[in-house]
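Undergrad:
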Amino acid sequence: LTGGAGCGKSHVIKCVYQEATKLLRQLPRLPFTGTAAYNISGKTLHSILKLPKSLKPPYKGLGNSLDEVRAVLSNVEILIIDEISMVSKDLLAYVHWRFQQIKGNNRFMGGVSVLAVGDFFQLPPLGRAKPLCVAEDGMLDFWNENFQMISLTEIMRQKDDRAFAELLNRIRVKGKADLLSEDDRSLLIQAVTDPKECPMDVLHIFATNKQVDNHNAAVVASFGAVTVDIQAE
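Per the numbering used here, the very first residue in the sequence shown carries number 517; after that it's consecutive.
1) Using only the alpha-carbon positions, how far apart do G579 and I600 sit?
2) Could you round the C-beta distance between V611 and L565 to whole angstroms and report it? I think they count as a contact, below 8 Å.
3) Exposed or buried, what is P641 when buried is set at 16 or more other beta-carbons lying within 10 Å of its beta-carbon?
4) For L695, which three-state DSSP category applies?
5) Is DSSP giving I721 helix, strand or coil here?
6) My assumption, with CB atoms under 8 Å, is that F636 sits in contact with T518. Please give the rounded CB distance.
7) Looking at C-alpha atoms only, which residue of Q747, A521, S738, A748 is the closest neighbour of V633?
8) Could you say if the stretch 640-658 and the stretch 680-691 meet the contact criterion of at least three C-beta pairs nearer than 8 Å?
9) What first and last residue would you give for the alpha helix (DSSP H) that runs through A679?
10) Does the beta-carbon of H742 have 16 or more other beta-carbons within 10 angstroms, so that it is buried, or is it exposed?
11) Please name the residue, chosen from R673, L589, I746, D729, that lies closest to V752 on a Cα-to-Cα basis.
12) When the Cα atoms are used, what is the spatial distance from A651 to K619?
13) For V630, does the three-state DSSP call read helix, strand or coil?
14) Determine the DSSP secondary structure at S590, reduced to helix, strand or coil.
15) How long is the line joining the alpha carbons of E593 and S604, rounded to whole angstroms?
16) Is E682 a contact residue of the ligand MN, with contact defined as CB to any heavy atom under 6 Å?
17) With C714 as the anchor, note down where its alpha helix (DSSP H) starts and where it stops.
18) Looking at the strands, I want to know which residues DSSP matches up with T518.
19) Who are the Cβ neighbours of D657 in its own chain at under 7 Å, not counting the five residues just before and after it?
20) Which word fits I597, buried or exposed, when buried means at least 16 other C-beta atoms lie within 10 angstroms of its C-beta?
21) Can you tell me whether V630 is buried or exposed, with buried defined as 16 or more other CB within 10 angstroms of its CB?
22) So, helix, strand or coil for A748, using DSSP?
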């Protein structure tokens, strides 16, 4: 399930989840990120599936941990994978092999149905890995062999500001060599503001952890409260 910003992908996930959980005991939602973090009772996807640090073949089975992992995930019938653009081929392959082993089934993902959600025009996997939708010689192609693409096209989030929403979608598919139209450039320039004039309580996006830490420290300091540092053991 794909589509540009504001077309309702996250809303569809919520609806599918709410309806499916009326019938199923387990429906994991896996928001893959660069570290593939997914909380199941406080554990990450890597820890719950016992994924190794290196995801390169050959596949390393669960061994003595099989019963432990199977007890947690044996009833899974549908898997929702969010942020699919950030999933590497190696990571998807390893999750596939894990579910084959857990389910004792040689079909894709051990026969578990998968709803993958995201936008391949957004962030790619970390490092040099190419997105799942890009076929590569010598690489397993689970994506093109097993998934059917459905695209949402109607803008919902910014439907009251269609000019801005359409600008976002043009930027979404813009190539590096493509020039912005004068109207698009003008609209973007109007949105630029000095960070000092931006309210502190709105979402801020930064490029580095240091910038994030500095901003958070400034917000905390603005409260005028005494801060206490607690050192973890």
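We treat Cβ as the ideally placed atom computed from N, Cα and C, and that holds for glycine.
TA: According to the structure shown:
1) 28 Å
2) Going by Cβ atoms, the distance from V611 to L565 rounds to 7 Å, so yes, they are a contact pair.
3) By the Cβ neighbour-count rule, P641 is buried, with 16 or more other Cβ atoms within 10 Å of its own.
4) coil
5) coil
6) 7 Å
7) Of all alpha-carbon atoms in Q747, A521, S738, A748, the one lying nearest the alpha-carbon of V633 is that of A521.
8) no
9) 678-688
10) His is not the amino acid found at residue 742; the sequence shown has Val there. Result: exposed.
11) A query on residue 752 cannot be resolved here, the shown segment of the chain reaching from 517 to 749 and no further.
12) 28 Å
13) strand
14) coil
15) 23 Å
16) No copy of the ligand MN appears in this structure; indeed no ligand is present at all.
17) Unbroken run through C714: none, as it is neither H nor E.
18) S667
19) A651
20) buried
21) buried
22) coil
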